Amino acid sequence: MSEVEPKVWRLAALVPVVAAAAVYGWARWCYAAASPPSATVALVVGAALVVGAPVVYFVCVRGSRSLFGALLLALGLLLTVTATDQAASRAEVAACVVREVKEQVNLGGEGLPAERTTYRHLLNCPGGYPDELTDGRRLAAQGGEVRVAYDPRHRVSPAPEGTGSSWTAALGAVVLLVLSTLVAAAGPFRDE
């Protein structure tokens with residue numbers, strides 16, 4: 044092993060951290076900025092980051108561990124994008140008054156799941172949006188208040204506050220990124 048190789052292994056251990064920060068920053072800008080890039084630019088740059096970082100990792104780490112570490116890194120970066128999207132998709136919260144609740148029973152046909160009841164809440168919210176919210180349970184009676192998380196740019200439908208948690212994806216991303224960092228930091232097998 045040459046003198047340069049240990050430095051490359053240590054540098055490779057930083058690739059997941061730097062890549063995750065870059066992907067998070069890029070995704071946050073694309074999903075939450077007032078003036079995000081076009082969809083084409085967002086997709087091309089995002090794909091370059093998600094594919095490029097594992098390639099750099101694979102080249103730096105080398106050996107039999109590099110493939111597994113690169114796969115862990117790629118999956119961790121994809122979960123980073125997912126967590127960022129979930130956190131930014133419904134960034135605003137409004138306290139709304141329920142005007143009316145309409146109950147709808149959907150009957151399942153033969154071989155389908157049993158009947159399912161949905162509740163369509165017609166709302167009075169500050170600013171006029173959102174004006175309705177559909178959920179599988181009654182969130183409040185007529186005249187009651189419900190807190191609604193929504194996207195001011197109307198890209199996703201509103202949801203009750205606290206239902207769209209990004210913690211699962213974020214935790215998965217952290218676990219995969221830590222594992223890929225540990226694989227790189229472990230260095231090569233002795234017999235390689």
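Mapping the sequence shown onto my numbering, position 126 (from 1) lands on 169, and the numbers just tick up by one. Where is the CB? At the ideal position from N, CA and C, for every residue including glycine. Quantities reported herein were computed from a predicted structural model and do not represent experimental measurements.
Run the CB neighbour count on residue i, radius 10 Å, all protein chains shown included, and call it buried at 16 or more, exposed below.
i      : result
Ala91  : exposed
Thr224 : buried
His197 : exposed
Val66  : buried
Leu122 : buried
Ala82  : exposed
Pro195 : exposed
Closest to residue i by CA distance: which of the options is it?
i      : options                        : result
Tyr162 : Ala117, Pro80, Pro203, Ala70   : Pro203
Val136 : Cys103, Leu122, Gly171, Trp72  : Gly171
Tyr193 : Ala64, Val217, Ser132          : Ser132
Asn167 : Val191, Leu150, Arg181, Glu158 : Val191
Gly179 : Pro173, Lys145, Cys103         : Lys145
Excluding the 5 residues flanking residue i on each side, which residues of the same chain have their C-beta closer than 6 Å to its C-beta?
i      : result
Phe111 : none
Leu165 : Arg142, Glu143, Glu175
Val199 : Ser132
Ala130 : Ser209
Please go through the same chain and pick out, in chain order, the residues whose beta-carbon is closer than 8 Å to the beta-carbon of residue i, but skip the five residues on each side of it.
i      : result
Leu116 : Val58, Pro59, Ala62, Ala96, Pro97, Tyr100, Leu219, Leu220, Ser223
Gly89  : Val66, Trp69, Ala70, Cys73, Val124
Near residue i, what residues of its chain come up, given a Cβ to Cβ distance below 7 Å and the 5 sequence neighbours on each side ignored?
i      : result
Gly187 : Val141
Ala85  : Cys73, Pro79
Please determine whether the Cβ atom of residue i lies at a distance below 6 Å from any heavy atom of the ligand HEM.
i      : result
Ala184 : With respect to the ligand HEM, the structure offers nothing, as it holds no ligand at all.
**Study point:** Uninterrupted alpha helix (DSSP H) stretches inside the segment 59 to 105 (no shorter than 4 residues)
**Key:** 82 to 104
Point to revise | Complete alpha helix (DSSP H) runs within the segment 143 to 184 (minimum length 4 residues, chain order) | key: none
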